[in-house]
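Some notes on the structure that comes next.
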Amino acid sequence: MKKHAIAIALTSLFFAAGASAVDLPQGGVITTAACPTLGEDVTIQTSNGVLAAYACNEAANAAAVSTCHNAGSRKSRVYQCVSTDPGADAQVGTADDSWNNASCPNGDGSTQVAGQFTITADYSGFVVNTRGGGVAGQALGGNCTSGTVGAILPY
126 MKKHAIAIAL TSLFFAAGAS AVDLPQGGVI TTAACPTLGE DVTIQTSNGV
176 LAAYACNEAA NAAAVSTCHN AGSRKSRVYQ CVSTDPGADA QVGTADDSWN
226 NASCPNGDGS TQVAGQFTIT ADYSGFVVNT RGGGVAGQAL GGNCTSGTVG
276 AILPY
């Protein structure tokens with residue numbers, strides 16, 4: 126179910142929102158008025174129990190979406206290090222990247238050679254960004270709420 130919701134969100138990544146995290150509206154329609162980077166209105170459908178938030182950065186012509194499930198598990202799991210935002214230079218693997226875990230970047234900002242980290246005893250959410258990187262699993266720091274799902278967005 127979680128993978129299904131993330132796949133739906135990923136296929137709809139050509140959308141954006143305001144300057145900060147916004148809960149996905151009832152019906153899942155994000156309008157061009159809400160996000161000037163959109164070429165047309167976009168509809169995102171989520172599964173029951175999945176919460177989603179979105180944000181756009183008009184200056185960078187970028188969009189991001191985050192999802193989580195309100196019945197999510199807190200079991201330990203390993204995630205790949207993924208850039209959640211490539212920063213001002215728009216290049217993944219450089220010093221100004223944002224990563225899905227503080228242990229991921231090397232001193233120069235590029236990903237660690239190991240490229241993995243473990244989340245223990247915490248809920249997880251997932252983020253994708255139109256500027257690059259990939260689906261980034263990361264700790265929510267609490268159960269899945271509109272606040273925690275929005276807080277993991279890169280802008």
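Just so you know, we're using the working numbering here: the sequence shown kicks off at 126 and counts up by one. Note that CB positions come from ideal geometry on N, CA and C, so glycine has one too. What you are looking at is a predicted structure, and each value in this text was computed from that prediction instead of being measured.
Counting the other CB atoms within 10 Å of its CB gives residue 154 a total below 16, which places it among the exposed residues.
Residue 273 sits in a helix when the DSSP states are folded into three classes.
Here residue 250 is not near residue 241, since their CB atoms are 9 Å or more apart.
In the DSSP assignment, residue 151 falls outside any beta strand (DSSP E) and carries neither an H nor an E. Residue 185 sits in a helix when the DSSP states are folded into three classes. Fewer than three Cβ pairs drawn from the region 151 to 167 and the region 263 to 278 lie within less than 8 Å of each other, which leaves the two stretches out of contact.
DSSP, read as helix, strand or coil, puts residue 225 in coil. Around the beta-carbon of residue 226, 16 or more other beta-carbon atoms lie within 10 Å, marking it buried. 178 is the residue among 178, 188, 205, 256 whose C-alpha sits nearest the C-alpha of residue 276. When the alpha-carbon of residue 194 is set against those of 216, 272, 181, the nearest one is in 272. Taking a 10 Å sphere around the C-beta of residue 221, we find fewer than 16 other C-beta atoms and assign the residue as exposed. Each residue's CA atom was taken as its position, placing residue 174 and residue 211 some 30 Å apart.
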